[in-house]
Amino acid sequence: MVLDKRKKGIQNCRKGILWSLFTVLLFSLALIYFHGSMAEQDQLKIGATYMTMNNDFYKTLNAELEKKTNQQGSRLYVRDPELDEGKQSQQIDFFVREGVDVIVINPVKSDSTAIISSLHKAKQAGIKIIVVDAPVSDQAEVDTTIVSDNYQAGVLIARDMMKRLKSANILLLEHRNAVSAMDRIQGFVSTIRGHSGYQIVARKETLGQTEETMPQVKAALEEGLDFNVVMALNDRAAIGALAAVKDQGVDRRISIYGVDGSPDIKNFLTTGNDIEGTVAQSPIQMGQKVAEVIELMQAGRPYERQYLIPVHLVNRDNISQYTITGWQ
């Protein structure tokens, strides 16, 4: 009888210990879940949508933002609208439903009714909006805009061309839906205005894409269009123009200019004379500035309505001052 009582006492003791351990484990799990939920609630959420990820410029810009968000433990949603304004509008609406704190947008079309309407909904939901690389037409929906000095990019190219050539027939390669692209073209056109030796012979819509540009320039050459300068809105269009010139076996000198300062164009500048020059903008600086402004927004500190990132002409004369394999 005494032995049985002892066994029962030991069994009860074990049950008590197991129950205590189970209770502690359950409490710990609840505590972990509670802290996890609180951390998730406090986690900064950022939605980013760029007009296309088929461009290393935006990949590099986003990598800088991603680097900072990883350091801070923030959550970053990245979407690619593939140059479709309707799709970008839907992506903004998705960010609103997800309850993001900040939207970073490079607009597919600067005056798109659908995009601006979605930005308005985001603004009404208390979401901060940062526009990068190309502004939107309705600044009331935007907290800040971070862009390169695009007008100056066109000015720099025009000045370099005029220094090298006493006259020129010029083909302009455009992306008319992007304000940044048209600012570059406008800077170029305004600089040559009043100089009769420089004539614009044609303007082609390229969307800033190599695969769109090549057939456009190829067709222009086949039609016998007489031009000896190509002013391209960006480096991807410049590469498309160069591919068309090579494909057609053109033996006369055509000076091709781009804008971006991409590794591909800088490589061309170091290995030959196929490209005359490019104006370098910095997706690295732009991405860093986006991260910096988000920090200011978090802290409730003041920030500017617009940030202008400087640009620089790059050609064979100064290419040695730049990193060839990456962006500046």
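Heads up: the sequence shown begins at 1 in UniProt numbering, then just goes up one per residue. C-beta atoms are modelled at their ideal positions from N, C-alpha and C, and glycine is treated no differently.
Whole-angstrom C-beta distance between residue j and residue i, which should lie under 8 Å
i: K146; j: I130; result: The question names Lys, but residue 146 in the sequence shown is Ile. That pair is a contact at about 7 Å.
i: D260; j: I239; result: Between I239 and D260 the Cβ distance is about 10 Å, and since that is not below 8 Å, they are no contact.
i: G154; j: R184; result: 4 Å
i: S282; j: Q321; result: Not quite, the Cβ-Cβ distance comes to about 14 Å (not below 8 Å), so this is no contact.
i: Q206; j: E174; result: Sequence inspection shows Thr at residue 206; the Gln mentioned does not correspond to that position. Confirmed, about 7 Å.
i: D149; j: P310; result: 6 Å
i: S110; j: S137; result: 5 Å
Proximity to residue i [Cα-Cα], best of the options
i: G249; options: G287, V217, L233, L269; result: V217
i: Y198; options: D226, R176, M182; result: D226
i: L308; options: Q152, F188, D84; result: Q152
i: Y77; options: K128, F95, N70; result: F95
i: R159; options: T278, Q72, Q328; result: T278
i: D251; options: D274, N267, V100; result: D274
i: Y58; options: G287, R305, P135, D247; result: G287
i: H312; options: E222, V179, I157, K67; result: I157
i: R305; options: K128, G187, I200; result: K128
Other residues of its chain near residue i: CB distance less than 6 Å, five sequence neighbours each side excluded
i: A243; result: M214
i: V108; result: M51, P81, L83, E85, Q88
i: E98; result: none
C-beta atoms of residue i and residue j nearer than 8 Å
i: P81; j: T60; result: no
i: residue 375; j: I46; result: Past the boundaries of the shown model lies residue 375; the chain is included only from 1 to 328, so the question cannot be answered.
i: T202; j: A220; result: The question names Thr, but residue 202 is Ala in the sequence shown. Cβ distance < 8 Å, so A202 and A220 count as in contact.
Sequence-distant residues of its chain with Cβ nearer than 7 Å to residue i (five each side left out)
i: T270; result: I319, I324
i: N55; result: R236
i: N315; result: D160, L269, E276, G277
i: A241; result: L173, T213, V217, V230, A232, I256
Outcome for residue i when other beta-carbon atoms lying within 10 angstroms are tallied against a minimum of 16
i: T113; result: exposed
i: R253; result: exposed
i: S190; result: exposed
i: R236; result: buried
i: A30; result: With a pLDDT of 43 at A30, under the threshold of 50, the modelled position of that residue is not reliable, and the figure given next carries that caveat. When all chains shown are included, A30 counts as exposed.
i: residue 387; result: One cannot answer for residue 387 here, as it falls past the ends of the chain, which runs 1 to 328.
i: G326; result: exposed
8 Å CB neighbourhood of residue i in its chain, flanking five on each side removed
i: S255; result: M161, R164, L165, A168, N228, V229, V230, E276
i: V290; result: L61, E64, L65, V104, I130, V132, I146
i: Y33; result: Confidence at Y33 is low in this model, with a pLDDT of 45, below 50, so its placement is unreliable and the value that follows should be read with caution. Contacts found: none.
i: Q72; result: L44
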